[in-house]
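Per our numbering, the sequence shown runs over residues 52 to 264.
Data first, discussion second: the structure below is written as structure tokens.
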Amino acid sequence: WGMTPQTVNAYYDQTKNEIVFPAAILQPPFFDPNADPAVNYGGIGGVIGHEIGHGFDDQGRKSDGDGVLRDWWTAEDATRFEAKTAQLGAQYATYEPIAGYHINPDLTMGENIGDMAGVTVGLDAYHLSLNGQPAPVLDGLTGDQRFFLGWAQVWNSKYREDALKQQVATDPHSNAIFRVIGPVRNSDAWYDAFNVQPGEKYYVAPADRVRLW
């Protein structure tokens with residue numbers, strides 16, 4: 052493994068086409084065996100989807116299912132993918148975690164794609180787990196609302212200003228708040244869950260929402 056069991060993290064290895072989850076990540080806020088399933092799907096489910104997404108991001112897509120470095124996409128698929136990621140990059144370039152410091156979409160593209168996949172795959176998996184039954188309403192929150200809250204609480208963080216500046220400049224991950232906002236504002240289900248309307252800060256018109264998969 053590329054990480055120790057006590058590391059709270061996960062990774063995708065494109066040379067082996069495998070995802071690895073050290074034991075330490077199987078705890079709150081990512082996973083709690085006694086928690087509501089919707090929250091777990093938003094937490095560890097989203098992280099699983101994120102790592103799967105790396106197999107199809109701007110770097111992972113360059114290796115095939117056996118981990119062999121080769122171009123296995125059709126030219127049409129590659130062109131459409133690049134157009135969609137350019138659209139996604141334009142969104143992330145507008146995010147400013149701290150005054151004067153914008154997210155670098157080229158540096159963060161692979162992780163942003165992973166986060167998009169995390170929300171999409173995690174939510175689809177949650178819906179499948181319901182077996183066609185309606186999700187219960189708990190504490191006044193619908194299942195989809197709890198899913199998105201589960202995703203958001205995973206990235207709950209606090210930074211010193213200098214640390215945040217360094218992260219924006221060097222980290223291939225977007226700042227925590229935009230790991231939440233970036234993917235959910237492209238999810239139709241988020242708009243339905245929270246009744247997000249035109250004119251609200253992070254509203255994106257349906258035609259402009261990025262749908263990678």
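Each residue gets a CB set at the ideal place from its N, CA and C atoms; glycine is no exception.
In this text the structure is predicted, and so the values were computed from the model without any measurement.
- DSSP places Asp64 in no alpha helix (DSSP H) but in the uninterrupted beta strand (DSSP E) bounded by 62–64.
- Cα atoms of Ile154 and Gly233: separation of roughly 11 Å, rounded to the nearest angstrom.
- The C-alpha of Asp166 lies about 8 Å from the C-alpha of Gly100.
- The Cβ atoms of Glu102 and Ala141 lie no closer than 8 Å to each other.
- When secondary structure is reduced to three states using DSSP, Glu69 falls in the strand class.
- Apart from the 5 residues on each side of it in sequence, Val261 sits with its Cβ closer than 8 Å to the Cβ of Lys135, Gln138, Leu139, Gln142, Met167, Asn237 in its chain, given in chain order.
- Per DSSP, the continuous alpha helix (DSSP H) segment holding Ser180 begins and ends at 156–180.
- For Tyr152, DSSP records a beta bridge to Ile149.
- Per the Cβ contact rule, the stretch 150–164 is not in contact with the stretch 177–195 (fewer than 3 Cβ pairs under 8 Å).
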